[in-house]
DNA sequence: AATGAATGAGGTTTCATTCAT
DNA sequence: TATGAATGAAACCTCATTCAT
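This is how it looks when you write it as structure tokens:
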């Protein structure tokens, strides 16, 4: 015997966890985090009340697991973009954003929950989210200053304001196309639009001689 | 007797309402909407349980009142901008945004509550917020198409994407400067930055001859 | 001046009382005694909460007043039957019962309230009702024994059982024709039927020679 | 494992139910339905507030259960009477009534509650009671018309009035001997008296030749 | 490992009553 | 006399959590 039994048990545990997570996702989506009770979760999962506590210590632990899952997915997607390859920063940005949009779109229910409910929750949830935000902000700042060095970016920018604008643009595009709507969309095309908007704004390309 | 008594009573009622609203605001800010109980509210207001229900029919009614108050302030501030064509659209946008930022900054605690908690609440709250969003979106769309007519705006824009970017930019700037931070700021300068970013992006002004 | 003011005041008091009693009757009929709150009563009466307490010390005091009113009406009606006149006891019973039915029918809303709700109420209500019951029971017993003396009544009756049967018959007839139904009815005819039933039952008049 | 555990659990559940029902009966008897609070019930049952709601969804659900229990008992008792025509209808009536009286007497506390409090309660309670009433009324009507065919019943009866009298007689006898009094009684003898009264009234058997 | 009955603190809401005006 | 805002006890009900089986 030896490991066989342990392994099988571990696998069973993982499956149970998944089962609870999946059904919880549906309930959260349906009723909203705060209106959902442990009773709702165990009922949806089809397990006994006690069993739930064998796998999660609280409702917010379930949510935290979901959040980690989504953040993991996004990080995985983003890290797939090779930063050393021979494409312009602009193109890199488009690719990153497109991948993010695709990933979130592939996990729409989860994304919805997180975007709609991950507010005013646990302290830990807030922390993890703002850490993520911070990473993005840092990356944007870095990219902006890099662009400045290459004169690809204006010098008179207030990077605090501009990075906020950039983040907000991305966040709202996610809200509009992934969270609020249910339609499929062309992630690449949208990503390109966003990046182009960020680079040159809405004004027409200034024509020489104007 | 006449109205004297009635008037005084009405005034007292208004004051009580305000007293409850103000203390509730502090509690919501402190504990978060969902973790706040009616008990917390009455305790903070220093009134009896029953008194609370004389003025509000539920916790969410209190929140709704706050929301209406903030939306009213913002609408008032915005409507003060001179719509006559004495100033450019760009300058109008800057002024509107600056006023919004100022108003929200003047009501920081209230703004924080709304931005942090008005998500996944009541159906009515969601409705009122999305109605407000819709108004802004409509205004932006209108302005964009106006700009297109005057060739002040590129013709190849996906207005859905771009209006999302614009709204997101504004929303995030509010988050960054009003909600998350506690510092004073120069609303006009920030507004100008945002509008400029929206118009010409982060790229350096293309030089004639490049 | 002197009495004029006092009198007028007394009259005003009586009117207020009546106003409250009348509207309370409607509310009791509508919601049932136990589901009616003082708030309901003052709202229906169109007076302030405090005013109610100037006239009645509690909800059950209102009910007690109504009960007394109905009992008074019934007693008045019954006492109108001259017991010394030259009609048979049987005819007297018919007249009494007919008058009771008529009186209750004339006060249907009030009767309904009393019959439907005067159960499990105040101790005082119970007392007053059972005192009334007792009076009727005594009267029946008296009449039965009188009848026995005149050989108008069987000698082998268990007066306890029979008086219960008689009272029950009357009570249920009231329930059926006054309380449950809304139709007009011929009180005299019904009274006659009840008395006849009481005297000779449902069996056919035994024919001589059977 | 198998069913052993499930079975035992089911039995425990039934016992708990009974425990709550029994103690609730005592409390209702003591304080009256409307003056009884859930707190009173749980205190009397010696269980936690939450436990009560595991077994009954409201106070009125408890009452409804009691009502069903009593109606069930009565129906069971009545259905035990031999409907074959070996005995006269008169004797059948006596037996049925005697059994009803015995059954109610065997469940005096329950009977008291139902008779004293089942008025102006739930809509559902009213419904169930009037359904029961209707069954009895129908049975009486049927028996009367049957009697008419056999000339055992007068032809000039107003069946509406007479059936009301009969029902009332029975109801009041129950009130007098089971509900109001605490004494034992001879159900058969009382039943016979009631039936005899119903058949021939209080008048002396008319003597041939009078 | 899994169960689900039991718990009781704590949530929301109602309501009879008082009392300053 | 009339008012109605204020009160706070007490009603109803929910729910996260435990624990014996």
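Chains as they are written, first to last, in this note's numbering: chain A, 14 to 223; chain B, 14 to 223; chain C, 14 to 223; chain D, 14 to 223.
Virtual Cβ for every residue (Gly too), placed ideally from N, Cα, C.
Since this is a predicted model, take the numbers as computed values, not measurements.
Within 10 angstroms of the beta-carbon of residue 163/A lie fewer than 16 other beta-carbons, which makes it exposed.
As the crow flies, the alpha-carbon of residue 182/D is around 9 Å from that of residue 175/C. For residue 76/D, no Cβ of chain C is located within less than 9 Å of the residue's own Cβ. No Cβ of chain D is located within less than 9 Å of the beta carbon of residue 22/C.
Between residue 145/C and residue 189/C, the alpha-carbon positions lie close to 20 Å from each other.
By the Cβ test, the stretch 135–150 of chain D is not in contact with the stretch 98–105 of chain D, since fewer than three Cβ pairs between them sit closer than 8 Å. Residues of chain A whose Cβ lies closer than 8 Å to the Cβ of residue 135/B do not exist, since the nearest Cβ in that chain is about 10 Å away.
Going by DSSP, residue 140/C is part of the alpha helix (DSSP H) stretching over 136–162. Contact of residue 79/C with chain D by beta-carbon distance below 7 Å is absent, the smallest such distance being about 15 Å. With distances taken between CA atoms, residue 200/D lies nearest to 186/D out of 125/D, 186/D, 160/D. Secondary structure of residue 165/C (DSSP, three-state): coil.
Between the stretch 33–40 of chain A and the stretch 73–90 of chain A, the count of Cβ pairs shorter than 8 Å is three or higher; the stretches touch. Judged by their CB atoms, residue 207/D and residue 178/C are nearer to each other than the 9 Å cut-off.
Using a Cβ-Cβ cut-off of 9 Å, residue 217/C counts as an interface residue toward chain D, since at least one Cβ of chain D sits closer than that to its own. The way I'd put it, the stretch 123–143 of chain A does touch the stretch 82–90 of chain A; three or more beta-carbon pairs between them come closer than 8 Å. Close partners of residue 107/A in chain B (Cβ separation under 8 Å) are lacking, with about 13 Å as the shortest Cβ gap. In this structure, residue 132/C sits near residue 129/D, with a CB-CB distance shorter than 9 Å.
Listed along the chain, the chain D residues whose CB falls inside 7 Å of the CB of residue 170/C are 215. For the set 204/C, 158/C, 97/C, the Cα lying nearest the Cα of residue 216/D is the one of 158/C.
Considered as a whole, the stretch 48–113 of chain B harbours 51–58, 62–68, 72–92 as its complete alpha helix (DSSP H) runs of no fewer than 4 residues, in chain order. For the 9 Å CB-CB criterion, residue 28/D and residue 59/D do not form a contact. Boundaries of the alpha helix (DSSP H) harbouring residue 182/B: 172–187, taken from the DSSP string. Excluding the 5 residues flanking it on each side, residue 22/D has no same chain C-beta neighbour closer than 8 Å. Taken through DSSP and simplified to helix, strand or coil, residue 213/C comes out as helix. For residue 91/C, same chain residues with a beta-carbon under 7 Å away, outside a window of 5 residues either side, are 109, 112, 113 in chain order.
Here residue 68/C has 26, 29, 30, 33 as same chain residues with Cβ atoms under 8 Å from its own Cβ, once five neighbours each way along the sequence are excluded.
Pairing residue 203/A with residue 180/A gives a Cβ-Cβ distance that is not under 9 Å. Going by beta carbons, residue 198/C and residue 118/C fall inside the 9 Å limit. For the pair residue 218/A and residue 165/B, the Cα-to-Cα distance works out to about 10 Å. Residues of the stretch 108–131 of chain A with a C-beta atom less than 7 Å from some C-beta of chain B are 129, 130, listed in chain order. Measuring C-alpha to C-alpha distances from residue 116/C to each of 211/C, 212/C, 210/C, 192/C identifies 192/C as the nearest.
Within chain B, the residues placing a beta-carbon under 8 Å from that of residue 184/A are 181, 184, 185, ordered along the chain. Distances from the alpha-carbon of residue 88/C to those of 152/C, 49/C, 63/C put 152/C closest. With a beta-carbon spacing of about 18 Å, residue 160/A and residue 211/B fall beyond the 8 Å limit used to define contacts.
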